[in-house]
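Just remember that our numbering sits 578 ahead of the position in the sequence shown, which is counted from 1.
Every residue gets a Cβ at the ideal spot worked out from N, C-alpha and C, and that includes glycine.
Encoded as structure tokens, the structure appears first; notes follow it.
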Amino acid sequence: MGLIGYLIYFNTIKSDDFINSPYNTRQDTFADRVVRGKIMSSDGEVLAQTNVSEDGTEERSYPYNNVFAHVVGYDSNGKSGLESEANFQLLSSHEFFLNQIRNEFMGTKNTGDTVVSTLNADLQTTAYNSLGDRRGAVVALEPSTGKILALVSKPDFDPNTISENWDTLVNDETNSSLLNRATMGQYPPGSTFKVVTALDYFRTRGSFNGFSFDCQGSITKENHTIQCYNGEVHGTEDFYTAFANSCNCAFAEIGTELGGASLLKTSEDLLFNKKLPLTSYRKSSFTLNGSSGIPLIMQTAIGQGNTLVSPMHMALITSAIANDGLLMKPYLIDKVTNAGGDTIRTTEPTDYKRLMTSNEAALLGKLMEGVVQNGTASALNGRGYTVAGKTGSAEYDENGSSHSWFIGYSNVDKPDLVVAIIVEGGGTGSEAAVPIAADLFDAYYFD
């Protein structure tokens, strides 16, 4: 291809789908002519860049090492994360046209465009450090726009050494370090699912008023017994108190009243068994239906049974609650600039789907505020910001071992930060996940 023809083709005709296609034999040509662009955080930190030595050797480097491993990804042994999603932009160059002609004649590569992500380096680092050496995932979103501010998955890897350690990472089924648990992990939701059960109850009954339940620490139906945590007896509860207490007995009773078909409809309204607005994810699973038996309904209503969900999906549900019922399409690329800093394109926030009415969202928000003010997430109360949330303890084996969950959002002037956290084997939500949430909210408002 001639020089002028190439430049016209490269700058005007090529498309994202074409350059990213595995069948595109011209990818090597693009890489031969362009030094892959930078990936930046929203607060100006370099997350990925290509270093060029004097002899022209190129090396992709990741200054934050493991911290952004899954969300930024890697650019060797295939591609993942933003390195894959933004491949087109990173291999594009919008340098001044005459500079490109000069570079061509001098045998110098053009500088690839810079992808400015929505990720906040401080918040990401806080999430990474707070999760520590434990397995799990942390997601933080801006509910009013859909911006993904932080996304951490552990165990992790160092993208700087991905090639050297590839065989070990691929074959390590014990840690599955390459798995992005935030988007691909499948977990029982535990008591975070009570948000779904509560929404179904409201849609069926029209109000939370008039509900009353006498919790004796356990409930048995058709020879199947559900217990509250440690067999705690909560006594007489209204709906708000039962939710704040995360009363398994009350919600098992609610589930049997609602039935499998009703719970299925509301769950699918919240995107269970449905496509999510993401580029890479595993679909959440909800198997209850109208023919399901009472024992399974009881388990499912409290977030056990066969239900599986990703942390990102729970973050999206929480985001809709925080944003008056409207889910914004989540995104990672804020804007693309050329090497000189001129903006080439920006991402505008986009409505994805209304998951619930604004009234339903407000009522769920009130339930979740009670969890922080008077319930299982009280450690988040009185910290200089208002939080609404739900804890969860999701049992995953016959010994009663539990994953620790927390979903929630802060509300200062407007709902402006959503978090979803899971700590594998972490116990109750208040034990492991809530302290991580506190670190995130503190960092967001005070650092």
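1) With the cut-off set at 8 Å, would you say ILE875 and CYS827 are in Cβ contact?
2) In the DSSP output, what is HIS802 paired with across the bridge?
3) Give a yes or no on whether the C-beta atoms belonging to ALA760 and LEU719 are separated by under 8 Å.
4) Please classify LYS725 as buried or exposed, where buried requires at least 16 neighbouring CB atoms within 10 angstroms.
5) Opposite GLU751 in the DSSP bridges: which residues?
6) What is the residue span of the beta strand (DSSP E) that SER982 lies within?
7) With a threshold of 16 other CB atoms inside 10 Å of the CB of PRO641, please say whether the residue is buried or exposed.
8) For ASP1025, which residues from the same chain have a beta carbon less than 8 Å from its beta carbon, with the 5 sequence-adjacent residues on both sides left out?
9) I'd like to know if the region 982–991 and the region 952–972 are in contact, where contact means that at least 3 CB-CB pairs between them fall below 8 Å.
10) Rounded to a whole number of angstroms, what is the C-alpha to C-alpha distance between THR723 and GLU926?
11) Return the first residue and the last residue of the alpha helix (DSSP H) that THR885 is part of.
12) DSSP state of THR692, grouped into three classes?
13) Could you pull out every unbroken alpha helix (DSSP H) segment of at least 4 residues lying fully inside the region 873–922, listed in chain order?
14) For LEU905, I'd like the list of residues in its chain whose CB is within less than 7 Å of its CB, leaving aside the five on either flank, ordered along the chain.
15) Less than 8 Å separating the beta-carbons of ASN753 and PRO733?
16) Identify, in the order they occur along the chain, each residue of the same chain with its Cβ nearer than 8 Å to the Cβ of SER790, setting aside the five sequence neighbours on each side.
17) Taking LYS907 as the reference, give the member of PHE786, LEU842, TYR779 and LYS853 with the closest Cα.
18) Using the DSSP secondary-structure output, state which residues sit across from VAL624 in a beta bridge.
In terms of the structure at hand:
1) Counted from its first residue, the sequence shown places residue 875 at position 297. Counted from its first residue, the sequence shown places residue 827 at position 249. Their beta carbons are not under 8 Å apart, which means ILE875 does not touch CYS827 by this criterion.
2) Here residue 802 corresponds to residue number 224 of the sequence shown, with the count starting at 1. Per DSSP, LYS799.
3) Walking along the sequence shown from the start, residue 760 turns up at place 182. Walking along the sequence shown from the start, residue 719 turns up at place 141. No, Cβ-Cβ distance for ALA760 and LEU719 is not below 8 Å.
4) Position 147 of the sequence shown holds residue 725. The residue is buried, with at least 16 neighbouring Cβ atoms inside 10 Å.
5) Residue numbering aside, residue 751 sits at position 173 when the sequence shown is read from its first letter. In DSSP, GLU751 forms no bridge with anything.
6) Residue 982 sits at position 404 when you count from the first residue of the sequence shown. 980–990 is the extent of the beta strand (DSSP E) around SER982.
7) Start at 1 with the first residue of the sequence shown, and residue 641 comes out as number 63. Exposed.
8) Along the sequence shown, one-based indexing puts residue 1025 at 447. So the qualifying residues of the chain are ASP700 and THR704.
9) yes
10) Mapped onto the sequence shown, residue 723 falls at position 145. Mapped onto the sequence shown, residue 926 falls at position 348. Each residue's Cα considered, the two are about 8 Å apart.
11) Counted from its first residue, the sequence shown places residue 885 at position 307. Unbroken run through THR885: none, as it is neither H nor E.
12) Here the question's residue 692 lines up with position 114 in the sequence shown. In this structure, THR692 counts as strand in the three-state DSSP scheme.
13) 889–900
14) Counting from one through the sequence shown, the residue named residue 905 turns up at place 327. These residues qualify, in order along the chain: LEU894, SER897, ALA898, TYR930, LYS931 and LEU933.
15) Position 175 of the sequence shown holds residue 753. Position 155 of the sequence shown holds residue 733. For ASN753 and PRO733, yes; Cβs fall inside 8 Å.
16) Stepping through the sequence shown from its first residue, residue 790 is reached at position 212. Same-chain partners within the cutoff: THR814, GLU815 and ASP816.
17) Indexing the sequence shown from 1 puts residue 907 at position 329. The residue with the shortest Cα to Cα distance from LYS907 is LYS853.
18) Taking the first residue of the sequence shown as 1, we reach residue 624 at position 46. Bridge partners of VAL624 according to DSSP: MET618.
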